[in-house]
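A.B. asks: Below: one structure in structure tokens.
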Amino acid sequence: MRASLLNGNSSGLSLRSIVRSCDSLALGSVWSPLKARNPTKTAGLLSCESMSTNSPVVRVKEKIDLAEKEKMIFDRLLATVRHFNLPTQLRVAGGWVRDKLLGKECYDIDIALDDMLGSTFVDKVTQYLASTGEEAQGLAVIRSNPDQSKHLETARMRLYDMWIDFVNLRSEKYSENSRIPTQMDFGTAEEDAYRRDLTINSMFYNINTSSVEDLTGRGIDDLRSGKIVTPLAPKETFLDDPLRVLRAVRFGTRFSFTLDEELKRAAASNDVKDALAAKISRERIGTEVDLMVSGNEPVKAIAYIYELQLFWVVFSLPHEHELTLPQECDRLCLAYMDAAWSLLQLIGSLSLTDEQRRLSLYAALFFPFRTITYIDNKGKKIPIVNYIFRNSLKRKASDAETVVSVHSAVARLLSLIPFLESNGDGELNEDGMGTEFLDIPASSKLRVLTGFLLREVKDFWRVALLISVLAYPSPIGCSEDAMLKHNELDKRKEVFRAVENAILTLGLEKIWEVKPLVTGKDIMNILQLKCGGPLVKEWQQKLLAWQLANPAGTADECLEWMRQTHSKRIKME
């Protein structure tokens, strides 16, 4: 099983058998976005209705209208050319041209130069500004760094409070087993255009002539018809730079454009998958994934990664460890992410911040992994989710810690939801409760247990609640009926709102910010201890439980309760 996952192969099992295979994770039957969208097999790939080959008709402007600040920047650059009598053609490259043609503002201006390095031209601009009594700002040169897939020197400066990057046009040739070009020369604008990832990103705006240059002959047409196409044959383009596969997915979902069928076949080929795994740094893969998850169509983006059989290349697992995974766990991950995204739309944007929304989607995507661990070379048990964040995607440690914490909180929150949803009706099951809860009145235990849980997940308690309601009272059911799915999610939304309101009513909104009434020194004085230790820590938990049970209590009342409780324990012993 592990070998087939690492190769990105799909076994073609029915969704019912997939669900059965997940029993070891106690996930039950999970609604699948791919099943529900009536997938069909086409050219060996899973095709979804949401990824229809019917391309949208996109409104593209006839010409680029410059903002006042852009006019001022371009005028300064042209004045530099005239001042030094340079033959240089100045072209804005890539995304800025695409976005301006779509009528969108873009503040990422990259200038491509046909006859000099970016640093050389920035020196010219600096000299020109000095001759007019102006001072250049924010000068910087970012050197090439092949180890980090940065193969071209970039010069940068600020003009009118905007960062402008300057690079030379180039033509590149790559070695067979590396993204590091074996040969890089000054290129023509046409060579540079064909070297780029997609036709919609290959156009230039020539500042000298105030005109758009579509040198592949396809950029504007593909932009207008909403197609994601490579300037050269897609396999050649992807093997030169395999990261372009993920960029194609990201731009396709960002603009709701259709991926070209030949492009999809090339992306799903073993050669391209192997190249993506071998030639691209995990940091760059992680950056692309994070942009997808933070984007406007995160589920569609991950669905494309699944469809193109890239899931286990992107979210790679440790090769040296044997892991027990459910068959087609990738499909199950996608199903949970889709359900979480749909629930987020129902709940609305005000409940979660952008950061909480981003991590809630990661938490849902990796929910099927929540109980899977491996032993590292120090003999420590590590959650596989931590490995994916830290090793496969090279994301920051806090992302991994938050998602693992959310997963850990879900099981306990699931046991509390029935009582929070019903405003405390019923009796909590005290099995497994720690000793810190023994002296707490039954009427206060719901607030205390919930308070302890929120103090662990802090600002991400709503994320934990969102993931929990996907599995409460049972996981989202598998159904092809979109109406059934919508009705089920409506019920989950009501549960989310009821529990959220209960937590707010209990006054636990920012409970993790509340400081303990009693210090460790106070505890040591009562216990007549000279130094701290496990006993002090145990009493800190007991006193925190008392404080949560008595939100209006004072430090003196808390200490008096401790003295009485401690005295009773001594007498009993």
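For the sequence shown, counting from 1, position 469 maps to 469 in the UniProt record's numbering; every step adds exactly one. All C-beta atoms, glycine included, are put in the ideal place defined by N, C-alpha and C.
(1) Taking ILE302 as the reference, give the member of THR287, ARG250, LEU259 with the closest Cα.
(2) Between which two residues does the alpha helix (DSSP H) harbouring LYS124 extend?
(3) Look at the Cβ atom of GLN540, then the Cβ atom of GLY520, and state whether they are nearer than 8 Å.
(4) Identify, in the order they occur along the chain, each residue of the same chain with its Cβ nearer than 6 Å to the Cβ of ALA193, setting aside the five sequence neighbours on each side.
(5) Look up LEU259 in the DSSP assignment and give the residues it is bridged to.
(6) Is there contact here, the region 457 to 471 with the region 489 to 499, by at least three beta-carbon pairs under 8 Å?
(7) Name the two residues that bound the continuous alpha helix (DSSP H) containing LEU299.
(8) Mapping DSSP to helix, strand and coil, what is PRO318?
(9) So is GLN148 buried or exposed if we call it buried at 16+ other beta carbons inside 10 Å?
(10) Report all residues from its chain with a CB closer than 7 Å to the CB of LEU129; omit the five preceding and five following residues, and keep chain order.
(11) Could you tell me the alpha carbon to alpha carbon distance between THR219 and THR199, rounded to whole angstroms?
(12) Let's test the definition: count the other Cβ atoms within 10 Å of the Cβ of SER398 and tell me whether it reaches 16, buried, or not, exposed.
(13) Report buried or exposed for MET562, applying the criterion of at least 16 other Cβ atoms within 10 angstroms of its Cβ.
(14) Using a Cβ-Cβ cutoff of less than 7 Å, which residues in the same chain neighbour TRP461 once the five nearest sequence positions on both sides are dropped?
(15) Measuring alpha carbon to alpha carbon, tell me which residue in LYS458, ARG244, LEU308 is nearest ARG284.
(16) Quick check on MET162: does DSSP put it in helix, strand or coil?
(17) How is PRO383 classed by DSSP in three states: helix, strand or coil?
(18) Quick check: the region 319 to 327 against the region 367 to 380, are at least 3 beta-carbon pairs closer than 8 Å?
(19) Where TYR107 and VAL406 are concerned, what is the direct C-alpha to C-alpha distance, given to the nearest angstrom?
(20) Kindly examine the ligand COA and report whether one of its heavy atoms sits closer than 7 Å to the Cβ of ASP271.
(21) Should ILE207 and ILE164 be called a contact, given that it needs their Cβ atoms to be closer than 8 Å?
(22) Compute the Euclidean distance between the alpha carbons of ARG265 and LEU246, then round it to the nearest angstrom.
(23) Hey, PHE315 and ILE388 are a contact pair by Cβ (cut 8 Å); roughly how many whole angstroms apart?
(24) How is the beta strand (DSSP E) around PHE389 delimited, first residue to last?
(25) May I ask which residues mark the beginning and end of the beta strand (DSSP E) holding SER211?
(26) Take VAL92 and list the residues in its own chain whose beta-carbon comes closer than 8 Å to its own, dropping the five residues that flank it on each side.
(27) How big is the Cα-Cα spacing for GLU456 and ALA545?
(28) Give the DSSP-derived three-state secondary structure of SER443 in the structure shown.
(29) For the beta strand (DSSP E) containing ILE142, list its first residue and its last residue.
(30) Between LYS235 and the rest of its own chain, which residues show a CB-CB distance below 6 Å, the 5 nearest in sequence each way excluded?
(31) So, for THR120: in the same chain, excluding its five sequence neighbours on each side, which residues have a beta-carbon less than 6 Å away from its beta-carbon?
(32) Would you kindly work out how many angstroms separate the C-alpha atoms of THR565 and LEU517, rounded to a whole number?
(33) What are the boundary residues of the alpha helix (DSSP H) that ALA277 is part of?
(34) Can you grab the Cα-Cα spacing for the pair ASP115 / LEU169, in whole Å?
(35) Can you give me the start and stop residues for the alpha helix (DSSP H) that LEU525 sits inside?
(36) Specify the secondary structure class of LEU517 as computed by DSSP and reduced to three states.
C.D. replies: Once the coordinates are examined:
(1) From the listed residues THR287, ARG250, LEU259, the smallest Cα separation to ILE302 is found for ARG250.
(2) LYS124 -> alpha helix (DSSP H) spans 118 to 131.
(3) In this structure, GLY520 lies closer than 8 Å to GLN540 by Cβ.
(4) These residues qualify, in order along the chain: SER202, LEU215, THR216.
(5) Beta-bridge partners of LEU259 (DSSP): ILE228.
(6) Yes, they touch.
(7) Per the sequence presented here, residue 299 reads as Val, with Leu not at that position. Element bounds for VAL299: 298 to 307.
(8) Note: PRO318 maps to coil in three-state DSSP.
(9) Its pLDDT being 42, under 50, GLN148 is placed unreliably by the model, and nothing is read from it.
(10) Contacts found: GLU135, ALA136.
(11) What sits at residue 219 in the sequence shown is Gly, not Thr. Rounded to whole angstroms, GLY219 to THR199 spans 5 Å at the Cα level.
(12) Looking at its Cβ environment, which holds fewer than 16 other Cβ atoms inside 10 Å, SER398 is exposed.
(13) Per the 10 Å Cβ criterion, buried.
(14) Sequence-distant partners of TRP461 (beyond 5 residues in either direction) whose C-beta falls short of 7 Å from its own C-beta, in its chain, are LEU454.
(15) Out of LYS458, ARG244, LEU308, ARG244 has the C-alpha closest to the C-alpha of ARG284.
(16) In the three-state reduction of the DSSP assignment, MET162 falls in the strand class, which pools E and B.
(17) Reduced to three states, the DSSP call for PRO383 is strand.
(18) These segments touch.
(19) In this structure, the alpha-carbon of TYR107 lies about 36 Å from that of VAL406.
(20) Looking for the ligand COA in the displayed structure turns up nothing, as the structure carries no ligands at all.
(21) When the beta-carbon positions are compared, ILE207 and ILE164 stay at least 8 Å from each other.
(22) Distance from the CA atom of ARG265 to the CA atom of LEU246, rounded to whole angstroms, is 14 Å.
(23) At roughly 5 Å, the Cβ-Cβ gap stays under 8 Å, so PHE315 and ILE388 are in contact.
(24) Looking at the DSSP string, PHE389 is not in any beta strand (DSSP E), and its letter there is neither H nor E.
(25) Where SER211 is concerned, the enclosing beta strand (DSSP E) stretches over 211 to 213.
(26) The answer, listed in chain order, is ILE109, ASP110, ILE111, ALA112, PHE204, TYR205, ILE207.
(27) Cα to Cα, GLU456 sits roughly 14 Å from ALA545.
(28) In this structure, SER443 counts as helix in the three-state DSSP scheme.
(29) Here the beta strand (DSSP E) through ILE142 covers 137 to 142.
(30) Same-chain partners within the cutoff: ALA266.
(31) Correct list: empty, nothing qualifies.
(32) Going by the C-alpha atoms only, they are around 17 Å apart.
(33) Element bounds for ALA277: 270 to 279.
(34) So the two alpha carbons sit approximately 8 Å from each other.
(35) With the sequence shown as reference, residue 525 is identified as Asn, and Leu is not the correct amino acid for it. ASN525 -> alpha helix (DSSP H) spans 520 to 527.
(36) In this structure, LEU517 counts as coil in the three-state DSSP scheme.
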